[in-house]
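A.B. asks: Can you read through this structure? Questions will come right after.
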Ligand SMILES: NC(=O)c1ccc[n+]([C@@H]2O[C@H](COP(=O)([O-])OP(=O)(O)OC[C@H]3O[C@@H](n4cnc5c(N)ncnc54)[C@H](OP(=O)(O)O)[C@@H]3O)[C@@H](O)[C@H]2O)c1
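Numbering (this note's numbering), first residue to last: 5 to 279.
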């Protein structure tokens, strides 16, 4: 049987590194720690090796389409596709950051929404039957959804929203921040929150598409929240350790063969949450 393969983006630190650690212990196959910076990635591989674990490494900057396409070709060629993909890479401006809101909106959505979407565009076609796809979103995306205008909430929650419509809404948010009109257009004042509302909605759209286009392949795709986790992003006051933050993402990545749910859901603490 072909060797199975799992890939984690942004695997060099924080929750991504903890997900790689847990997969090395629990996944029957090759586990790839990927990172945009080769040096930081290889340091992280070394740190796991010192724990007796054996992750493999591939460079992957999700903001660089060439890097995404090179990685997708590599996994297609070497493994015939991918069994588990965890889209963990993400960014957040610090609260104290004084960059203009429009800049924060553009930069945050570029990585957390548009680049993660690029990953999904290029990797979903090579996800193997029985594959698992996990997008690390956030409870902040749910809170943000609840602070959107009723019209926006209706679209994000609807079953008929298309990927194109969602992309248009995310672009609209960024455009409106440029002219200071995002609040008037029904958006709350959080770039990170909107990026994660978008990512969770995208996960639901793509899961519905997988069910329609590949009904017999048993692929499960979900968005999740790791919880509030002590990392460079969230700081030392957060309640969970990175290993605790990895629990729900890893649960979704390792849903057993033949499982039919959850699929197209937002999951936190291993439970499907209301959207
Ligand atoms: N911490 C929390 O409480 C919390 C709560 C909810 C959701 N999340 C989500 O969990 C995920 C991981 O967050 P974290 O707390 O572990 O943050 P972190 O410690 O800041 O780690 C973020 C990781 O993403 C990588 N990354 C950023 N941009 C990238 C790109 N363009 N290509 C590839 N990798 C990139 C970073 O790489 P570099 O080292 O090269 O920058 C780093 O490895 C994020 O999606 C975050 O939004 C976190």
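A virtual CB, placed ideally from N, CA and C, is assigned to each residue, including glycine.
(1) Is the distance from the Cβ of residue 12 to the Cβ of residue 90 below 8 Å?
(2) For residue 252, which of 23, 16 and 14 has the nearest alpha-carbon?
(3) Roughly how many angstroms separate the alpha carbons of residue 82 and residue 151, rounded to a whole number?
(4) Which residues in the same chain have their Cβ closer than 8 Å to the Cβ of residue 161, if we skip the five residues on either side of it in sequence?
(5) Have a look at 193, 207 and 196 and flag the residue whose alpha-carbon is nearest the alpha-carbon of residue 170.
(6) Between the alpha carbons of residue 142 and residue 200, how many angstroms are there, rounded?
(7) Just mark residue 108 as buried or exposed, buried being the case when its beta carbon has 16 or more other beta carbons within 10 Å.
(8) Taking contact to mean 3 or more Cβ pairs, one atom from each stretch, closer than 8 Å, check whether the segment 29-48 and the segment 115-135 are in contact.
(9) From the DSSP secondary-structure annotation, give me the bridge partner or partners of residue 36.
(10) Can you grab the Cα-Cα spacing for the pair residue 218 / residue 249, in whole Å?
(11) DSSP state of residue 152, grouped into three classes?
(12) Please check the pair residue 34 and residue 133, which I expect to be a contact at CB under 8 Å, by giving their CB distance rounded to whole angstroms.
(13) CB of residue 14 to nearest heavy atom of ligand 2: below 7 Å?
(14) Can you find the residues in the same chain that come closer than 8 Å, C-beta to C-beta, to residue 46, ignoring five residues on each side of it along the sequence?
(15) Compute every distance between the C-beta of residue 238 and the non-hydrogen atoms of ligand 1, then say whether any falls below 7 Å.
(16) Measure the Cβ-Cβ separation of residue 139 and residue 227 and say whether it is below 8 Å.
(17) Given a cut-off of 8 Å on the beta-carbon distance, is the pair residue 254 and residue 52 in contact?
C.D. replies: For this structure:
(1) Locating residue 12 in the chain shown gives position 8, counting from the first residue. Locating residue 90 in the chain shown gives position 86, counting from the first residue. Yes; because the gap between Cβ atoms is below 8 Å, this pair is in contact.
(2) Translated into positions along the chain shown, residue 252 becomes position 248. Measuring C-alpha to C-alpha distances from residue 252 to each of 23, 16 and 14 identifies 23 as the nearest.
(3) In the chain shown, residue 82 corresponds to position 78, counting from 1. In the chain shown, residue 151 corresponds to position 147, counting from 1. In a straight line, the C-alpha of residue 82 is about 45 Å away from that of residue 151.
(4) Taking the first residue of the chain shown as 1, we reach residue 161 at position 157. 149 and 279.
(5) Start at 1 with the first residue of the chain shown, and residue 170 comes out as number 166. Comparing Cα positions, the closest option is 207.
(6) On the chain shown, position 138 is the one that residue 142 refers to. On the chain shown, position 196 is the one that residue 200 refers to. Each residue's Cα considered, the two are about 6 Å apart.
(7) Counting from one through the chain shown, the residue named residue 108 turns up at place 104. Per the 10 Å Cβ criterion, buried.
(8) Inter-segment contact for the segment 29-48 and the segment 115-135 is absent: fewer than three beta-carbon pairs are separated by less than 8 Å.
(9) Along the chain shown, read from residue 1 onward, the residue named residue 36 stands at position 32. Listed as beta-bridge partners of residue 36 by DSSP are 11 and 60.
(10) Indexing the chain shown from 1 puts residue 218 at position 214. Indexing the chain shown from 1 puts residue 249 at position 245. Cα-Cα distance, rounded: 31 Å.
(11) Here the question's residue 152 lines up with position 148 in the chain shown. Residue 152: coil per DSSP, three-state reduction.
(12) Along the chain shown, read from residue 1 onward, the residue named residue 34 stands at position 30. Along the chain shown, read from residue 1 onward, the residue named residue 133 stands at position 129. Their Cβ separation, rounded to whole angstroms, is 18 Å, which puts residue 34 and residue 133 out of contact at 8 Å.
(13) No copy of ligand 2 appears in this structure; the ligands present are ligand 1.
(14) Stepping through the chain shown from its first residue, residue 46 is reached at position 42. These residues qualify, in order along the chain: 61.
(15) Start at 1 with the first residue of the chain shown, and residue 238 comes out as number 234. At least one heavy atom of ligand 1 is nearer than 7 Å to the Cβ of residue 238, so yes.
(16) In the chain shown, the residue the question calls residue 139 occupies position 135. In the chain shown, the residue the question calls residue 227 occupies position 223. Yes, these two residues count as a Cβ contact at 8 Å.
(17) Counting from one through the chain shown, the residue named residue 254 turns up at place 250. Counting from one through the chain shown, the residue named residue 52 turns up at place 48. Cβ atoms of residue 254 and residue 52: not closer than 8 Å.
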